[in-house]
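Positions 12 to 340 (our numbering) are the ones given, in order, by the sequence shown.
Just so it is clear, CB atoms sit at the ideal spot from N, CA and C, and this is done for glycine as well.
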Amino acid sequence: MNVMVTGGAGYIGSHAVRQLIEAGHRAVVVDNLFRGHRRAVPDEAAFYQIDLADTAALAGVLADEKIDCVMHFAALTYVGESVAEPLGYYHNNTAGAISLLRAMREAGVRRFVFSSTAAVYGEPERTPIVETCPQKPVNPYGWSKWCVEQILRDHAAADGRFAFVALRYFNVAGAAADGSLGEDHEPETHLIPLVLLAAMGRREKLTVFGTDYPTADGTCIRDYIHVEDLVAAHLMAMEALQPGDTRYYNLGIGRGYSVNEILDAARAVTGREIPIEHGARRPGDPAVLFADSGKIQRELGWSPRYRGVEEIIATAWQWDREHPDGYGD
Ligand code: UFG
């Protein structure tokens, strides 16, 4: 298939481009390079520096490249930033998706794989979280993605041949097994990269946000999934989509790790001391989030290859050591 990958120069999108090419598809990257890295895009992929707001340019690429399916990764993804800058999040994530869907309608492209998030569930009433759990986001980032899911439902109802899958990610981590692609965010806010920066001595210490949660060790529990396992689910979902399909799947490994457990795993992987300090809770952090990913396992036969957080951290650690300055741009 000819696949447009929006955000293909970003962390998850670049891994998707890689897997698409390896599977024999043609990857056409659209990225505005606001936070993406041109060097993360392989030469085999076509590249267009276009902003999602430019509907006409998107429609032109969809038609010229004879696109069969769009994988939509391009988005702003920082919860804290979304609280401070909600308009930017609704503009990029929600209005950006509308612009892309309009371009797709103009070009007659009707297959859509959407990067959604566990943030659509907000503070869950129970864990593990299944797809039918109530959706009540607790921050503008989560709402901006929730809105897109609603828009997709309405759009699919109006156009019976439009098909989409919304993949709700839990905590994505790790780097390509061959060490060639990894996480390079500025600013970095995610736990595992920050822990490894502290292990390398590039940060003085890690602040543990909250030690008084109602969990066994008092720190927050999350479900960490390897980026290559996550991306593999996108290809399976894309291939399974039939006209008119509307699908939703959680993507996690179904096991939660506390912040302290991540620190212990990182100490074991790196063999280094990781200095920490105990800080206050970060506003908006639910105590425990982990997925029931049984639905995608049953329906598509997906299963994660990385089943433990040490293996996931080991790939990130390899990337960090070989690329201390990320993509160097
Ligand atoms: N944490 C720390 N110290 C830090 C950074 C994080 O203790 O310096 C803790 C957080 O409090 C949280 C855990 O580590 O308990 C994981 O935090 P991340 O920021 O790595 O990830 P989140 O769980 O906050 O966010 C992830 C995705 C978001 C998504 C959210 C859905 O990165 O995009 O899950 O709940 F919105």
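Review point. Cα separation between Arg-49 and Ala-227?
Key: Stepping through the sequence shown from its first residue, residue 49 is reached at position 38. Stepping through the sequence shown from its first residue, residue 227 is reached at position 216. Those two C-alpha atoms are separated by around 43 angstroms.
Check your understanding: If we call anything under 7 angstroms between Cβ atoms a contact, is Ala-327 one with Gly-263?
Key -> Here the question's residue 327 lines up with position 316 in the sequence shown. Here the question's residue 263 lines up with position 252 in the sequence shown. It is not a contact, given that the beta carbons lie outside the stated cut-off.
Practice item. Would you kindly report the start and end of the unbroken alpha helix (DSSP H) that includes Tyr-152? Key: Counted from its first residue, the sequence shown places residue 152 at position 141. Note, Tyr-152: alpha helix (DSSP H), 151–169.
Review point. Does DSSP put Met-247 in a helix, a strand or coil?
Key: As a first step, residue 247 is located in the sequence shown; it is residue number 236 there, counting from the start. Helix, per DSSP.
Check your understanding: Of all the alpha helix (DSSP H) runs that stay within the bounds of the stretch 39–97, which reach a length of 4 or more residues?
Key -> 66–75, 90–95
Point to revise | Straight-line gap, Arg-316 to Tyr-260 (C-alpha atoms, nearest Å) | key: Here the question's residue 316 lines up with position 305 in the sequence shown. Here the question's residue 260 lines up with position 249 in the sequence shown. Answer to the nearest angstrom: the Cα atoms are 17 angstroms apart.
Exercise for review: Please determine, among Asn-13, Met-211, Ile-140, Ile-232, the residue with the shortest C-alpha to C-alpha distance to Lys-306.
Suggested key: Within the sequence shown, numbered from 1, the residue matching residue 306 stands at position 295. The shortest C-alpha separation from Lys-306 is found at Ile-140.
Review point. Is any heavy atom of ligand 1 found at a distance shorter than 6 angstroms from the C-beta of His-201?
Key: Walking along the sequence shown from the start, residue 201 turns up at place 190. The answer is yes for His-201.
Review point. Ala-130 by DSSP, collapsed to three states: which one?
Key: As a position in the sequence shown, residue 130 is number 119, starting the count at 1. Helix, per DSSP.
**Study point:** Stretch-stretch touch, CB-based, cutoff 8 angstroms, three pairs: the stretch 231–248 with the stretch 181–201
**Key:** With the cut-off at 8 angstroms, the stretch 231–248 and the stretch 181–201 touch.
Check your understanding: Is it the case that the CB of Arg-179 approaches a heavy atom of ligand 1 more closely than 6 angstroms?
Key -> Against the sequence shown, residue 179 aligns to sequence position 168. False, no ligand heavy atom lies under 6 angstroms from that Cβ.
Exercise for review: Can you say whether His-289 is buried or exposed, counting buried as having 16 or more other CB atoms within 10 angstroms of its CB?
Suggested key: By 1-based counting over the sequence shown, the position of residue 289 is 278. Exposed is the call here.
**Study point:** Beta carbon of His-166 nearer than 7 angstroms to that of Leu-252
**Key:** The residue labelled residue 166 in the question sits at position 155 within the sequence shown. The residue labelled residue 252 in the question sits at position 241 within the sequence shown. Not a contact, by the Cβ cut-off of 7 angstroms.
**Study point:** Reference Glu-206; option with closest CA among Ala-277, Glu-55, Ala-114, Gly-35
**Key:** Reading the sequence shown from its first residue, position 195 is the one you call residue 206. According to the sequence displayed, residue 206 carries Val and not Glu. Residue Ala-277 is the option with its Cα nearest to Val-206.
Check your understanding: Okay, do the stretch 55–63 and the stretch 168–178 touch, 3+ Cβ pairs below 8 angstroms being the bar?
Key -> no
Check your understanding: Does the beta-carbon distance from Ala-74 to Thr-17 come in below 7 angstroms?
Key -> If you number the sequence shown from 1, residue 74 lands on position 63. If you number the sequence shown from 1, residue 17 lands on position 6. Against a cut-off of 7 angstroms, the Cβ pair of Thr-17 and Ala-74 comes out as no contact.
Check your understanding: Which same chain residues, not among the five before or five after Glu-136, have their C-beta less than 8 angstroms away from its C-beta?
Key -> Against the sequence shown, residue 136 aligns to sequence position 125. Counting only Cβ-Cβ distances below 8 angstroms, and skipping sequence neighbours, we find Cys-144, Pro-145.
Check your understanding: Does the stretch 155–164 come close enough to the stretch 318–326 that 3 or more CB-CB pairs lie under 8 angstroms?
Key -> Inter-segment contact for the stretch 318–326 and the stretch 155–164 is absent: fewer than three beta-carbon pairs are separated by less than 8 angstroms.
Exercise for review: Alpha carbon to alpha carbon, how far is Asp-296 from Ala-51? Give it in angstroms, no decimals.
Suggested key: Residue 51 sits at position 40 when you count from the first residue of the sequence shown. Residue 296 sits at position 285 when you count from the first residue of the sequence shown. Distance between the alpha carbons of Ala-51 and Asp-296: 31 angstroms.
**Study point:** Contiguous beta strand (DSSP E) assignments of at least 3 residues, all confined to the stretch 228–275
**Key:** 235–237, 257–262
Check your understanding: With respect to 6 angstroms, is the separation between the Cβ of Asn-11 and the closest non-hydrogen atom of ligand 1 below this value?
Key -> Within the shown structure, residues of the chain are numbered from 12 to 340, placing residue 11 beyond reach of any answer.
**Study point:** 8 angstroms CB neighbourhood of Glu-199 in its chain, flanking five on each side removed
**Key:** Here residue 199 is taken as the residue at index 188 of the sequence shown, counted from 1. These residues qualify, in order along the chain: Leu-205, Leu-208.
**Study point:** Gly-107 (DSSP reduced to helix, strand or coil)
**Key:** Start at 1 with the first residue of the sequence shown, and residue 107 comes out as number 96. If DSSP states are grouped into helix, strand and coil, Gly-107 belongs with the helices.
Check your understanding: Leaving out the 5 sequence neighbours to the left and right, which residues in its chain are closer than 6 angstroms to Gly-47 when beta-carbon positions are compared?
Key -> Within the sequence shown, the letter at position 36 stands for residue 47. Hits under 6 angstroms: Ala-20, Gly-21.
Review point. Regarding Ala-129 and ligand 1, is the C-beta to nearest heavy atom distance less than 6 angstroms?
Key: Within the sequence shown, residue 129 is the residue found at index 118, counting from 1. Yes, since a heavy atom of ligand 1 falls inside the 6 angstroms radius drawn around the Cβ of Ala-129.
Check your understanding: Is Leu-207 helix, strand or coil when you go by DSSP?
Key -> Translated into positions along the sequence shown, residue 207 becomes position 196. Residue state, collapsed to three classes: helix.
**Study point:** Cβ shell of Arg-213 (< 7 angstroms), same chain only, five flanking positions each side left out
**Key:** Locating residue 213 in the sequence shown gives position 202, where the first residue counts as 1. Here the set comprises nothing.
Review point. What's the C-alpha gap between Ala-56 and Lys-147?
Key: Counting from 1 along the sequence shown, the entry for residue 56 is found at position 45. Counting from 1 along the sequence shown, the entry for residue 147 is found at position 136. Each residue's alpha carbon lies about 38 angstroms from the other.
Check your understanding: Should Val-41 be counted as a contact of ligand 1 given a C-beta to heavy atom distance under 6 angstroms?
Key -> Against the sequence shown, residue 41 aligns to sequence position 30. The answer is no for Val-41.
Review point. Cβ of Asp-234 within 7 angstroms of Cβ of Gly-337?
Key: By one-based count along the sequence shown, residue 234 stands at place 223. By one-based count along the sequence shown, residue 337 stands at place 326. Going by C-beta atoms, Asp-234 is not nearer than 7 angstroms to Gly-337.
Practice item. Alpha carbon to alpha carbon, how far is Leu-31 from Gly-312? Give it in angstroms, no decimals. Key: Along the sequence shown, one-based indexing puts residue 312 at 301. Along the sequence shown, one-based indexing puts residue 31 at 20. If you take the alpha carbons of Gly-312 and Leu-31, they lie about 18 angstroms apart.
Practice item. Note the first and the last residue of the continuous alpha helix (DSSP H) segment covering Glu-322. Key: If you number the sequence shown from 1, residue 322 lands on position 311. Bounds of the alpha helix (DSSP H) holding Glu-322 are 320–333.
Exercise for review: Please state whether DSSP places Tyr-338 in a helix, a strand or coil.
Suggested key: Reading the sequence shown from its first residue, position 327 is the one you call residue 338. In this structure, Tyr-338 counts as coil in the three-state DSSP scheme.
Check your understanding: Between Asn-43 and the rest of its own chain, which residues show a CB-CB distance below 6 angstroms, the 5 nearest in sequence each way excluded?
Key -> Reading the sequence shown from its first residue, position 32 is the one you call residue 43. Same-chain partners within the cutoff: Asp-62.
Review point. Within the present structure, is the beta-carbon of Phe-301 separated from the nearest heavy atom of ligand 1 by less than 6 angstroms?
Key: For the purposes of this step, residue 301 is identified with residue 290 of the sequence shown, where counting begins at 1. No, ligand 1 has no heavy atom inside 6 angstroms of this Cβ.
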